[in-house]
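When the sequence shown is numbered by UniProt numbering, its final residue is 269 and no position is left out of the sequence of numbers. Below is one structure; the comments refer to it alone.
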Amino acid sequence: MFLKEFWKKINLNKQIKDKKELESIINYQSNNNILIEIKDLSKVYKQGKKKIKKVFENINLKIYENEIIALIGPNGAGKTTLVEIISQIKKQTSGTIKYHYKSDNGKENIGVQFQDLAFPRGLTVKDFIDFQIMLSKNNISSEFLNEMLNTFQLSEFLNYKVSKLSGGQQQRLNVLIAMMNKPKVLFLDEFTTGLDIAIKNEIKNFILKYAKENNITIVLISHDIDIIDQMAQRFVLITNNKIVVDTDKKTIEEKFKTVSNFLFNYIKY
């Protein structure tokens, strides 16, 4: 049985004794409204004439309103690919995704920050932001934009070419663009990469405040244990092509003492 073999590999069989207890780890429930419903989602790539690479298969997941999810797993588990499919950047091989909400312009209102975003050459930070505002067709107040620019410490770089920014500055701009439209669901992929501790904490606190005030759900991909522990309320673990853990923080702490113990000792973060 797949689950039995998986738990054996990461030594969770020492703490989880029976099937009933195991099921409590992978059956997350919420009374909040469902925003996105994923059913039997699979993604495979063909490599050559016969060889097929499975990214994941038969993924079932419900994303609810007003929650922060840590989407975790080893490198290559398919976390980023799943986000790309949900945000309609890539297509699934099979399965369905149902969006239970619409923005004012009739489109799924999703904000995505990817770890490796290619910025256009030649544009200044101001040009790039103005271009994104034009594409969004949403009313973004100058007050809100200035607050983000100050928080992300980008105000003084408005006339810099985006391509000339440091990696950390580009990362901050990347997150700002993803948040700017106040999306219903915000995906953050390693958003702390390249940030020092002070600005990382400032941006984290801004994101948490922003999400609470605007009823935004966050799906967080990160290898930063402190950020996961401080932000996430729900944990979804993908490995070996499947979701094998889907539970809340309270359950993680009850079974494994701390979130860092769960991530570091059992997931090998």
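Heads up, the beta-carbon is just placed ideally off N, CA and C, and yes, glycines get one too.
Tell me where the alpha helix (DSSP H) around residue i begins and ends.
i, result
"K40", "Checking the displayed sequence, the identity of residue 40 turns out to be Asp instead of Lys. Segment I34 to Q47 is the beta strand (DSSP E) holding D40; no alpha helix (DSSP H) there."
"S142", "S142 to T151"
Quick one: is residue i buried, meaning 16 or more other Cβ sit within 10 Å of its Cβ, or exposed?
i, result
"Q88", "exposed"
"P183", "buried"
"L122", "The residue you asked about is not Leu; residue 122 is Gly in the sequence shown. Per the 10 Å Cβ criterion, exposed."
"D196", "exposed"
"E67", "buried"
"A198", "exposed"
"T258", "exposed"
"K43", "buried"
"N105", "In this prediction, N105 has a pLDDT of 49, which is less than 50 and means its spatial position is unreliable; what the coordinates show is noted afterwards. Exposed."
"N181", "buried"
"I52", "exposed"
"A178", "buried"
"N109", "buried"
"A118", "exposed"
"N159", "exposed"
"Q47", "exposed"
"E21", "Any reading at E21 needs caution, since the residue's pLDDT is 48, under 50, leaving its predicted position unreliable; the model's value is listed next. E21 should be labelled exposed."
Which residue marks the beginning of the beta strand (DSSP E) containing residue i, and which one marks its end?
i, result
"Q113", "I110 to Q113"
Report the partner residues of residue i according to the DSSP bridge assignment.
i, result
"K257", "None, per the DSSP bridge assignment."
"D130", "In the DSSP output, where bridge partners are listed per residue, D130 has none listed."
"K164", "DSSP lists no partner for K164."
"K62", "E37"
"V55", "Answer is none; V55 lacks a bridge partner."
"K98", "E37"
"T124", "K161"
"T247", "F235"
Can you list, in chain order, the stretches of the beta strand (DSSP E) that have 3 or more residues and sit fully within the region 66-96? Segments of the beta strand (DSSP E) lying fully in the region 66-96: 68-72.
- Message: Between the region 61-77 and the region 220-237, can you find at least three pairs of beta-carbon atoms closer than 8 Å?
- Response: In short, these stretches touch, since the Cβ pair count reaches three.
Inter-stretch contact at 8 Å, needing at least 3 Cβ pairs: the region 54-62 / the region 24-43: Inter-segment contact for the region 54-62 and the region 24-43 is present: three or more beta-carbon pairs are separated by less than 8 Å.
* Asked: In the region 175-243, which residue ranges form an unbroken beta strand (DSSP E) of at least 3 residues, counting only runs that do not cross its ends?
  -> Complete beta strand (DSSP E) runs here, min 3: 185-189, 217-221 and 234-239.
query = Using 8 Å as the Cβ pair cut-off and three pairs as the minimum, do the region 163-170 and the region 128-137 touch?
reply = When Cβ pairs closer than 8 Å are counted between the two stretches, the region 163-170 is seen not to touch the region 128-137, the count staying below three.
The region 169-176 in contact with the region 140-156 per 3-pair CB rule at 8 Å
Contact holds between the region 169-176 and the region 140-156, because three or more Cβ pairs, one in each stretch, are under 8 Å apart.
Do the region 236-248 and the region 74-86 meet, that is, are 3 or more Cβ pairs less than 8 Å apart?
-> With the cut-off at 8 Å, the region 236-248 and the region 74-86 touch.
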